[in-house]
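Working notes, beginning with the structure itself.
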Amino acid sequence: MAERLLEVQELFASYEDTEAVQGVSLSVQAGEIVGIVGESGSGKSTLLKSILGLLGPRAREAGAVLYRGEDLRKASPARLRQIRGQEIGMIFQHPNLSMDPLCTIQNLFYESLRAHRRISRQEARRQGREILETLDFPDPERILAAYPFELSGGECQRAAIAAAMLNRPALLLADEPTSALDVTVQKQVLETIKKTRERFGTAVLMVSHNLGAVGNLADTVGVMRKGRLVEWGPAAQVLRFPEHPYTQELLRAVPRLDRAAARPEGQSDE
Ligand SMILES: Nc1ncnc2c1ncn2[C@@H]1O[C@H](COP(=O)(O)OP(=O)(O)OP(=O)(O)O)[C@@H](O)[C@H]1O
Ligand SMILES: [Mg+2]
């Protein structure tokens, strides 16, 4: 049986007057891709931030987050810094906003590596080139030398994935990795996430409002609504036989092609 990497138990997270996450339990196995979908405001970003302990002192939280059995709520700040990046990587919705505009990708890679170990610029560059090659970037040298604003949105997001993978985390958390991009570019980013798992065995927990994007990639799908996980199961099962009316509603909104793939054999759309 695959190792259970992450286990979230009865997680609650609230801001002053909003109960954003209300009793979510889920787990991610080593090498598994889990996709969570839900509309804007359903608590997806809060869930990911809470897992990494990034909500700040004003949020109230309850429940347990175990990484390889270690309770992250009880981890020291030093241990948490080590876990973030080295064990659990994070990619954000707008990579060009979270990247320093005055910092080339090569520099970003250097800083990412240096946060966790002593490394020369030359060695960081070598490892950066290697990771871009592994993830099938056609022109690693151009990417390395570029500033974020010189890259397209898709390239930026894929470079952010590469940066997160430099330290070989066993788990990647991805917050809406495709939502700011148009459809063709979304596919490229999803392809890069798929390759990341193929080539490094990385598990991925991604959240998105797009069931089409998540359904194509994930092994396991969860559906979040108003802070609760209302559906959870193998992707094929959730897409074919959604139990919750809200999931059925989301499925009806997915473009036809995806629906055709998700429909049980022999059942016509007409
Ligand atoms: N820093 C904050 N302070 C107060 N309320 C917040 C804060 N961040 C989020 N919220 C509220 O918590 C709820 C969940 O927000 P969250 O950002 O987790 O949702 P989401 O599913 O990620 O939405 P989106 O798809 O728009 O990114 C929302 O009602 C939101 O307004
Ligand atoms: Mg969000």
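Residues in the sequence shown are numbered from 171 upward in steps of one, following the working numbering. Beta carbons are placed, not taken as given, at the ideal position from N, Cα and C, and that holds for glycine.
The residues Gly324, in chain order, have a CB closer than 6 Å to that of Gln358 in the same chain once the five nearest residues on each side in sequence are set aside. Under the 8 Å Cβ criterion, the segment 385 to 392 does not count as touching the segment 209 to 229, having fewer than three qualifying pairs. When C-alpha distances from Leu236 are compared across Glu202, Val198, Pro271, Pro227, the shortest belongs to Val198. Take the alpha-carbon of Gln179 and the one of Arg369: they are about 30 Å apart. Annotation for Glu173: Gln199, Ala200, Arg238 place their beta carbon closer than 8 Å to its own, counting only its chain and skipping 5 residues before and after. In this structure, Ala330 is the residue among Pro308, Leu305, Ala330, Asp306 with its C-alpha nearest to the C-alpha of Tyr317. Given a length threshold of 4 residues, each whole run of the alpha helix (DSSP H) inside the segment 208 to 276 is given here in chain order: 214 to 221, 247 to 256, 265 to 268. The count of Cβ pairs closer than 8 Å, one atom from the segment 305 to 312 and one from the segment 183 to 196, stays below three, leaving the stretches out of contact. The DSSP-derived three-state label of Thr188 is strand. The C-beta of Ala294 has 16 or more other C-beta atoms within 10 Å across all chains shown, which makes the residue buried. In the assembly as shown, Ala333 is a buried residue. Its beta-carbon has 16 or more other beta-carbons within 10 Å. Closer than 8 Å to some heavy atom of ligand 1: that does not describe the Cβ of Gln192.
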